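Next up, the structure:
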């Protein structure tokens, strides 16, 4: 993560998600071009949200849509969230988890 503008955005996102999920929030991992340091100025911010317990991707994204949208508008960025269970994060062998483990940065 080389872009200094990311830290306050990710800190704010982490605070919003922690307020919503509490102890259920296990990890927040930046991945993709922003994590690799090859992002363009208008690149989105890819974030993996790792939760304890079962996860319904659509339900979890809806539940935090408003707070995430506020952060996006405030900072003029696009945040793409992928929500997974801690079990999938630890044992997932799909291409997404491969890339997250390869170049992801926990925030």
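Numbering (my numbering), first residue to last: 15 to 121.
Beta carbons: idealized from backbone N, C-alpha and C, even for Gly.
Quick caveat: nothing in here was measured; it's all calculated off a predicted structure.
- A contact is defined here as three or more CB-CB pairs under 8 Å, and the stretch 76-83 fails this definition with respect to the stretch 101-112.
- Within the DSSP secondary-structure output, residue 64 pairs in a beta bridge with 41 and 98.
- Residue 119 is bridged by DSSP to 44.
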